[in-house]
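Notes follow once the structure below has been shown.
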Amino acid sequence: MATVRIPPVLRPKTGGQPEVEAAGGDVGEVLRSLTDAYPETAEQLFGPDGELNRYVNVYLNDEDVRVLDGLSTAVKDGDTVVILPAMAGGAR
Amino acid sequence: MASGAEQVRVVEEIEPFEAAQEIEAGDVVLIDTREPHEYQDAHLEGGKLVPPGLLADEIAAAAPDKSARTILYCRTGNRSYKAAEQLQELGYENVASMAGGIVAWQEQGLPVVSTSGLTPEQRDRYSRHILLPEVGVDGQLKMLNAKVLLLGAGGLGAPTALYLAAAGIGTIGLVDDDVVDASNLQRQVIHNTERVGMPKTESARLTIEALNPDVKVIEHQGRMTADNILDIIGDYDVIVDGADNFPTRYLLNDASVRLRKPVVSASILSFDGQISTFVPYEGPCYRCLYPTPPPAELAPSCSANGVLGAMAGTMGLLQANEVLKLVMGIGEPLIGRLLLFEALSTRFTELKVRRDPECPICGENAPEIPESEMGKFPDYELFCAG
């Protein structure tokens, strides 16, 4: 099992949980386990083509999966998958 | 002014204001008869250091003409009086000692200079910086000479500006088009209750000026747009991005890469913050990290959301910390690293950010921007539908 870190904007879709345990042999499978358990997260993670949306960054531990093997990047037990959309808050 | 050549060689004493007039008029040899460390702290402009113990050996080099008008000073006037007596014995004909020394001189508001480049007041004010070997006088001078622009004088900008001002960043620019609202005061600690309704740039300037008179504040009241951004940021050494919307963040990124300005960029939402430092071509840029902005429903900055004040302050001070390191050239800034802070769990997470070779702004194939295209930007407003 891997731990998926949920960003604040997605937490309403995971019952408020900041972390979710999810199974899978690669990043894509882990994220599919997440969207199976919390279907509302799906449309914000994946586009209609099944690829990750461009505005969502996904990290395996501390490395961006874009510089690894993308959704095919292998995941070991105890790894952490971080979902990170851009945030713009600051001034107001 | 000269006492003449009486038989009894009493030393002439003059008041600081008289000395100042003579120095102003010129043709005066000015001798500082104190120890080197005192001289370094503060001395009169043009004063030549001749410590009392070295007077006999060094005076000939400092004051070769024994007939020239020679004014001596020390801290309070005692050492210079004795030194003047010695000079008269050595044949100097027109010597005076400044009564009250540099202490009286300064009490009368007359100017001093410091070898170190810092005034005595600055050495005192910044003593806890100067004591740090990594900072020292050199680092403090870099801060005093630095120009830092803050985008937003709000949740992030308010704490950042306060600490940059206290640290002695010499010029702080503030871009904000908003006025202080009572709902800001839970986190925007540079403003206060009496200033509700006042432009934020003005309120921040008042607080900074009261905190540290060394800081010059430049107010840019209004919004940063594609039309004015290059003019605004061009004069600054470091830019701090605390903007509340994506169009401004992308605009700032593209302009700062063009002008090669480092940007310290943080964002905050509810209990969570993130921060990174973007130094063009040395590390990734904001677009390498976030190639495209999220749609409005995933960009809650476009609507009202809660935020924990102490978390905003934490992120604002992390920004200040980055700026001070960049200005002094010390430590390891957050280049190529994204730091996440979760206030609820008090957890920091560090992620790697790589330069994207395909980045349309700083990537290998990004087009060179010709001079004629500088300052022209796509319509960033389309990004944020909310």
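Respectively, the protein sequence lines represent chains A and B.
Sequential numbering of the first sequence, starting at 48, is according to our numbering.
Sequential numbering of the second sequence, starting at 5, is according to our numbering.
The beta-carbon is built from N, C-alpha and C at its ideal position, and this holds for glycine as well.
Asked: B/Met332: first and last residue of the uninterrupted alpha helix (DSSP H) it sits in; Found: Gly313 to Met332
Asked: Chain B contact residues for A/Val114, given Cβ-Cβ distances below 7 Å; Found: Arg358
Asked: Inter-residue spacing [alpha-carbon to alpha-carbon] between A/Arg101 and B/Thr205; Found: 36 Å
Asked: Outcome for B/Tyr294 when other beta-carbon atoms lying within 10 angstroms are tallied against a minimum of 16; Found: buried
Asked: Cross-chain neighbours of B/Asn257 in chain A, by beta carbon under 7 Å; Found: Here the premise fails: no neighbours, minimum Cβ distance about 11 Å.
Asked: Neighbour-count burial assignment, A/Lys123, 16 or more Cβ in a 10 Å radius; Found: exposed
Asked: Residues near B/Arg209 by beta carbon distance below 8 Å, same chain, minus five either side; Found: Leu178, Val221 and Glu223
Asked: Min CB distance A/Ala135 to chain B below 7 Å; Found: yes
Asked: Cutoff 7 Å: A/Tyr85 Cβ touching any chain B Cβ; Found: no
Asked: Supposed contact pair B/Val311 and B/Gly161 - C-beta distance, whole angstroms, cut 8 Å; Found: With 8 Å as the limit, B/Gly161 and B/Val311 do not qualify as a contact, their Cβ atoms being about 14 Å apart.
Asked: Neighbour flag for A/Glu76 against chain B, beta carbons, 7 Å; Found: no
Asked: Interface residues of chain B facing A/Asp111 [CB-CB closer than 9 Å]; Found: Leu293, Leu355, Lys356, Val357 and Arg358
Asked: Chain A contacts made by the stretch 241–254 of chain B, where a contact means CB separation under 7 Å; Found: Gly246, Ala247, Asp248, Asn249, Phe250 and Arg253
Asked: Under 7 Å between C-beta atoms of A/Ala135 and B/Phe275; Found: no
Asked: DSSP three-state assignment for B/Glu28, whether helix, strand or coil; Found: helix
Asked: Minimum Cβ-Cβ distance from A/Pro59 to chain B less than 7 Å; Found: no
Asked: Element boundaries [alpha helix (DSSP H), containing B/Ala108]; Found: Gly105 to Glu111
Asked: Rounded distance between the beta-carbons of A/Ser119 and A/Asp83, thought under 8 Å; Found: Incorrect: roughly 19 Å between the Cβ atoms, too far for contact.
Asked: Runs of alpha helix (DSSP H) lying entirely within the stretch 101–171 of chain B, each at least 4 residues, in chain order; Found: 105–111, 124–129, 131–134, 140–149 and 161–171
Asked: B/Asp36 at chain D interface by Cβ criterion, 7 Å; Found: Absence of chain D from the displayed structure is noted, the protein chains being A and B.
Asked: Check whether B/Cys78 and B/Thr123 have beta carbons under 7 Å apart; Found: no
Asked: Nearest residue (CA-CA) to B/Ser120, options B/Val139, B/Thr252, B/Leu328 and B/Asp45; Found: B/Asp45
Asked: Span of the beta strand (DSSP E), counted from its first residue to its last, around A/Asn104; Found: Val103 to Leu107
Asked: Listed by chain order, chain A residues near B/Asp276 by CB distance under 7 Å; Found: Pro55
Asked: For B/Asp245, three-class secondary structure by DSSP; Found: strand
Asked: Heavy atom of the ligand GDP within 6 Å of B/Ala208 beta-carbon; Found: The ligand GDP is not among the ligands present in this structure, which contains no ligands whatsoever.
Asked: N- and C-terminal bounds of the beta strand (DSSP E) containing B/Leu76; Found: Thr74 to Tyr77
Asked: CA-to-CA distance, B/Leu189 to B/Thr4, given in whole angstroms; Found: No answer is possible for residue 4 of chain B: it lies beyond the span of chain B, which begins at 5 and ends at 390.
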